[in-house]
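What follows is a single structure, written as structure tokens, with notes after it.
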Amino acid sequence: MTTSVVLGVSACLLGAHVRYDGMDKYNRAVADIIGRFARFVPICPEVGCGLTVPREPMELVGEPESPRLVICGSGQDMTELLLVYCRRAVDELARERISGFIFKERSPSCALTAAPVATGSPVKSLTAGLFAREVVRRFPALPVVEAEHLSDDRVREDFMERARSYIIT
Ligand code: SF4
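Counted from 1, the sequence shown has number 48 at position 57 by this note's numbering; the numbering is strictly sequential.
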């Protein structure tokens, strides 16, 4: 019998209409394939911290290693609002004893590696989103992946194998 693992996931990947534009980012490899073998703990940090759907889009600005999250155009700084929620969310993920997390790529909150950050230079740098940073900081050995890679069978199977082997500390 296949072991069911508990995985955190960016909620929009499962079809939740939580994006800034009111849409979702349903991902078949996540919802339909991995979903057969996992129990998901869906989280949308932007909705979780109290922002509405729809909402103004946001972007990362400043230093790639410690970026701020601001509303596009107005520049209103939402960093602290989001981080306060993120700290609560990682506590919840620990209680759920997750064995992995699947992130939505390119999001200023959820991207694992490559969210654009405006540094003032004409060329945008890439960095991790604020929520993904908190998850990785809290669980440094946790298997993590961005959803766009999971349509590749080998990447998906490797991630699931690592998740099944992971013991939360
Ligand atoms: S990428 Fe993250 S913050 Fe953006 S809608 Fe999806 S779950 Fe919410």
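For every residue, glycine included, the Cβ atom is placed at its ideal position computed from N, Cα and C. Here the structure is a predicted model, which is why all the values come from computation and not from measurement.
Helix, strand or coil, according to DSSP, for residue i in the structure here?
i, result
"ARG88", "coil"
"ASP143", "coil"
If you measure between the beta carbons of residue i and residue j, is that distance less than 8 Å?
i, j, result
"CYS40", "TYR76", "yes"
"ALA22", "ARG147", "no"
"LEU60", "LEU121", "yes"
"PHE150", "GLY(-1)", "no"
"MET49", "ILE34", "no"
"VAL(-3)", "ARG145", "no"
For residue i, I'd like the list of residues in its chain whose CB is within less than 6 Å of its CB, leaving aside the five on either flank, ordered along the chain.
i, result
"GLU96", "ALA102, GLU137, GLU139"
"GLU47", "ILE62"
Per the DSSP calculation, residue i is bridged to which residue(s)?
i, result
"PHE28", "Answer is none; PHE28 lacks a bridge partner."
"ILE34", "SER1"
"SER116", "VAL108"
"PHE150", "Partner(s): none; PHE150 has no beta bridge."
"LEU60", "LEU51"
"ASP15", "ASP15 is not bridged to any residue."
Excluding the 5 residues flanking residue i on each side, which residues of the same chain have their C-beta closer than 7 Å to its C-beta?
i, result
"VAL44", "HIS8, VAL9, GLY13, VAL38"
"VAL81", "GLU125, VAL126, ARG129"
"PRO58", "LEU51, VAL52, VAL108, THR118"
Only counting the same chain, and skipping five residues up and downstream in sequence, which positions put a Cβ closer than 8 Å to that of residue i?
i, result
"LEU73", "PRO36, GLU37, CYS40, LEU60, SER100, LEU121, PHE122"
"VAL32", "VAL(-3), LEU(-2), GLY(-1), VAL0, GLU83, LEU84, GLU87, ILE89"
Inter-stretch contact (C-beta, 8 Å, three-pair minimum) for the region 107 to 122 and the region 147 to 159: no
Can you confirm whether the region -6 to 13 touches the region 26 to 43 when touching is taken to mean that 3 or more C-beta pairs between the two stretches lie within less than 8 Å? yes
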